[in-house]
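S.K.: Going down the list, the protein sequences come from chains P and X. Start counting the first sequence at 4; every next residue gets the next number (our numbering). Start counting the second sequence at 58; every next residue gets the next number (our numbering). Even for Gly, the Cβ is constructed at its ideal location relative to N, Cα and C. Since the structure is predicted, the reported quantities are computational estimates derived from the model, not experimental observations.
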Amino acid sequence: MLGLSRKTKVSTGASLPVIVGIAAACIFLLVGCLVSNIFAQQTVAGLAQGAIFASLALALVLIYRATEVINFAQGELAMATTYIAYQLTLWHVSYWLAFFLTLVISFVLGAVVYGVLIRPVQHRSVIALVIVTVGLFILIDGLVTWKWGADLKFMPAPFGNNVYHAGGVSFSRQDIGVLLVSILSVILLWVLFQFTKLGLAMRAAALRPAAAALVGIRVDWMLAIGWGLAAVLGAVAGLMTEPSQFLQPTMMQAILLYAFAAAVLGGLESPAGSVVGGLAIGVFLNLIGQYVGYATSELRLPIAFAVLLVVLLLKPTGLFGRRQVRRV
Amino acid sequence: MSRGLVTRLGVIAVAAGIVIVLGFRLSDYHLGLGARIAIYFIAILGLNILTGYTGQISIGHGAFMAIGGYTTALMSYYHHTDLLLTLPLALAVCFVCGLAVGIPALRLSGVYLALATFALAVSIPQLPLKWSKWTGGSNGIRTFTSPGNNWLYRVCWICAGIAFVAAWLLLRGRTGRAFRSIRDSELAAASSGVSLPIYKTLAFGVSAAFAGVAGSLFVLVTNGYAQPNEFGVLLSLQLLIGAAVAGLGSLYGTIVGALFIGLLPQISTSVPLIGSGHGQDVVFGLIVILVMILLPNGVAGLLGAIDSRFKSAIKSDPTTS
């Protein structure tokens, strides 16, 4: 069991009823899309939003697996890196060049945050760790507002404003682009973790730090890389949020809550779960907003909170999590 | 023990004296500021009972303040209830809400509890927006009357005094021991016959009740307006930071935490470079991170460490032995 051979697949941990449930939900969505145009439109828009939640949720899960802390500053880090991209475009860097430069910068930023702020308190109580990330939350918020101000900023639209029409259903090009970029980044990350030496070392460092150190893995470096990658995912989430929300210091706060709900729904330990959770919450919120008249946009956050609470109370391990047995 | 008690009573008497004298000396503006500090004091006291003494983290105390604040504003607006009467009402409402949150929270611990309470802090301020017909939406709702700063200063500090004594009485006895035993080891506490469900839920209720009173006073200080923005997630974070700076699990440190989050916005506006706007958040964040890294037990822990260093220096002094 201790073996870290490359053949061990990371199992999704989903049980049969969960898989059946997800399949049923997918079929329901497909049928709905075929029957109703509005349903299809809302589903695609929901998937696009859900993909953003999924990226941020995956960032949270990565960090939770590596350092067993929920990074409350994840959304603010994402927001800050989006502002960096904005600054780059102000300097006449083209959008996509700015996009990739920002990813590099956010990787460094994430790793530095881990090394400077998290590592000193890593072995203290959960409360101490949470408070440090909360401090980081406020610090980033203050720095960004100080540098760029609290008013709305606009970046060039990455995907243009075209709308595709397919059989009476109109999809905005932006939604499709957001969905593709988010999913692509998630897949790349999965490839990195599953098929590279580095990914294997990172998994080992997160899973069994002591054993990993014994076989010569530099655990601290691996954890720093993990934080860096999480920041990159956050930056993708932030950059993909910008076209619909525009830039403001509070832009990621609501999304962070949706990402929390997504991560918990997926089981907090499961990367696959967080992606499924993110997409599910995106679609769920959009469909409920469309078809339940009472659930106006003000209730989106409370609904996400309700989802989070219900999951925590009924199935704390989430859809994909494994039951933890704690020895006394 | 008795000497320690005398010192403590002395410190409290001096603090109370300072508060009373300041009440006669301060300008109108500073009286308002003083009232705010008293409010933060009450709220952090509540949070400290829960997080510092019982070990249950909460990032959602701004939500309880919102509930308390809206109780006051709604009662005063619709029923013209006397403002002082709305305080015990807010206390009762928040106590019940705290119990209601405490029961599901029984199943959560550590990061999960942090997540759930954070979600609470984010989603509660959305509810007045939903029911804007009764709550005035984002413009908020105003109490029927709004008192002056002098009245506020007195009422807030009297409430703070009562809250401090109540917390002290609660924590020094059986209940406080039960709380601390849960914080130190849930397993050991349960084995010694401490009922985890009862005491954890109670801690949530009491803690929320403190926050509720603080919230309803908070509405009075902001000219009687209850607005969703005022109770945003930053308020919850500030309270947690105040408790952390003060030192989790220290009643006396609470005043430092309250002064910290009450005065920092004032001081940081006159600091060069980061002066205006959100410069205070930079200082807030930096200080709390530094405190957590350098002083694990907050200012109270630092004072305690100095004190014991001092005592051991006296003991090891060759001339006295």
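#1: Three Cβ pairs or more, each shorter than 8 Å: is that satisfied between the stretch 49 to 59 of chain P and the stretch 178 to 191 of chain P?
#2: Could you check whether the Cβ of X/S180 sits closer than 7 Å to any Cβ belonging to chain P?
#3: X/E349 versus chain P: which residues are under 8 Å apart at the beta carbon?
#4: Is it true that the stretch 258 to 278 of chain P meets the stretch 303 to 323 of chain P, where meeting means three or more beta-carbon pairs spaced less than 8 Å apart?
#5: Check whether chain P comes within 7 Å of X/L95, counting only Cβ atoms and requiring the distance to be less than that.
#6: Kindly list the residues whose CB is nearer than 7 Å to the CB of X/C53, restricted to its own chain and excluding five residues on each side of it in sequence; keep chain order.
#7: Mapping the DSSP letters down to three states, classify P/L259 as helix, strand or coil.
#8: Within the same chain, show all residues whose beta-carbon is closer than 8 Å to that of X/I106, passing over the 5 residues directly before and after it, in chain order.
#9: Mind listing which residues of the stretch 146 to 175 of chain X have their C-beta closer than 8 Å to chain P's C-betas, in chain order?
#10: In this structure, how does DSSP classify X/L308 when only helix, strand and coil are distinguished?
#11: Expressed to the nearest angstrom, what Euclidean distance is found between the alpha-carbon atoms of P/D154 and X/N206?
#12: Suppose contacts are defined by Cβ-Cβ distances below 7 Å. Is P/A2 in contact with P/G292 by that definition?
#13: Do the stretch 270 to 283 of chain P and the stretch 315 to 324 of chain P make contact, defined as three or more Cβ pairs closer than 8 Å?
#14: Taking any Cβ of chain X, which residues in the stretch 71 to 87 of chain P have a Cβ under 8 Å from it, in chain order?
#15: Who does X/I198 pair with in a DSSP beta bridge?
#16: Look at X/I318 and X/G299 and say whether their C-beta atoms are less than 7 Å apart.
#17: Does X/G314 have its Cβ less than 7 Å from a Cβ in chain P?
#18: Taking the C-alpha atoms as reference points, what is the distance between P/L5 and P/G171?
#19: On a Cα-Cα basis, can you pick out the residue from P/E79, P/G78, P/A101 and P/L80 that is closest to P/Y89?
#20: Per DSSP, which residues does X/V222 bridge with? Please list them.
#21: Name, please, each residue of chain C whose Cβ falls closer than 7 Å to the Cβ of X/K187.
#22: Applying a beta-carbon distance threshold of less than 8 Å, which residues of chain X neighbour P/P409?
#23: Considering only the alpha carbon of each residue, which of P/T70, P/G281, P/V278 and P/Q248 lies closest to P/A160?
#24: The ligand FAD and P/D223: does the residue's C-beta get closer than 6 Å to at least one heavy atom of that ligand?
#25: Between the C-alpha atoms of P/S39 and X/T129, what's the straight-line distance to the nearest angstrom?
#26: On a CA-only basis, which of P/L191, P/P274, P/Y117 and P/L260 is nearest P/W224? Give me that one, please.
#27: Just the Cα atoms here: how many angstroms apart are P/T320 and P/W94?
#28: So is P/N164 buried or exposed if we call it buried at 16+ other beta carbons inside 10 Å?
M.R.: In short:
#1: Contact between the stretch 49 to 59 of chain P and the stretch 178 to 191 of chain P is present, because at least three Cβ pairs lie under 8 Å.
#2: Output row for X/S180: interface = yes.
#3: A quick correction: the sequence has Met, not Glu, at residue 349 of chain X. The answer, in chain order, is V124, A131, I134, V135 and G138.
#4: Yes: the two stretches touch, three or more of their Cβ pairs being nearer than 8 Å.
#5: Note that residue 95 of chain X corresponds to Ala in the displayed sequence, not to Leu. Chain P contact via Cβ: absent.
#6: Outside the modelled stretch of chain X, which goes from 58 to 378, sits residue 53 of chain X, for which no answer is possible.
#7: Secondary structure at P/L259: helix, using DSSP grouped into helix, strand and coil.
#8: Scanning its chain for C-beta atoms nearer than 8 Å, with the 5 sequence neighbours on each side dropped, one finds around X/I106 the residues A224, L227, L228, F236, A260, V263, S264 and F267, in chain order.
#9: Within the stretch 146 to 175 of chain X, P161, R164, L165, G167, V168, Y169, A171, L172, A173 and F175 place their CB atoms closer than 8 Å to a CB of chain P, listed in sequence order.
#10: In this structure, DSSP gives X/L308 a state outside helix and strand, which the three-state scheme calls coil.
#11: Between P/D154 and X/N206, the alpha-carbon positions lie close to 32 Å from each other.
#12: Nothing about residue 2 of chain P can be read from this structure; chain P reaches only from 4 to 331.
#13: Yes, they touch.
#14: Taking 8 Å as the cut-off between beta carbons, the residues of the stretch 71 to 87 of chain P near chain X are E71, V72, I73 and F75, in sequence order.
#15: Note: X/I198 sits in a beta bridge opposite X/A283.
#16: Contact check for X/I318 against X/G299 passes: the beta carbons are separated by less than 7 Å.
#17: No, its Cβ sits nowhere closer than 7 Å to a Cβ of chain P.
#18: Note that P/L5 has pLDDT 44, beneath the 50 cutoff, so the model's placement of it is unreliable and no number is given.
#19: Answer by Cα proximity: P/A101.
#20: The partner list for X/V222 (beta bridge, DSSP) is empty, contrary to what the question assumes.
#21: Protein chains P and X are contained in the structure displayed, whereas chain C is not.
#22: In the structure as shown, chain P starts at 4 and stops at 331, and residue 409 of chain P therefore has no counterpart that could be examined.
#23: Looking from the CA of P/A160, the closest CA among P/T70, P/G281, P/V278 and P/Q248 belongs to P/Q248.
#24: Absent from the structure shown: the ligand FAD. Ligands present: none.
#25: Near 47 Å, if we compare the C-alpha coordinates of X/T129 and P/S39.
#26: It is P/Y117.
#27: C-alpha separation (whole angstroms): 46 Å.
#28: By the beta-carbon neighbour count (other beta carbons within 10 angstroms, threshold 16), P/N164 is exposed.
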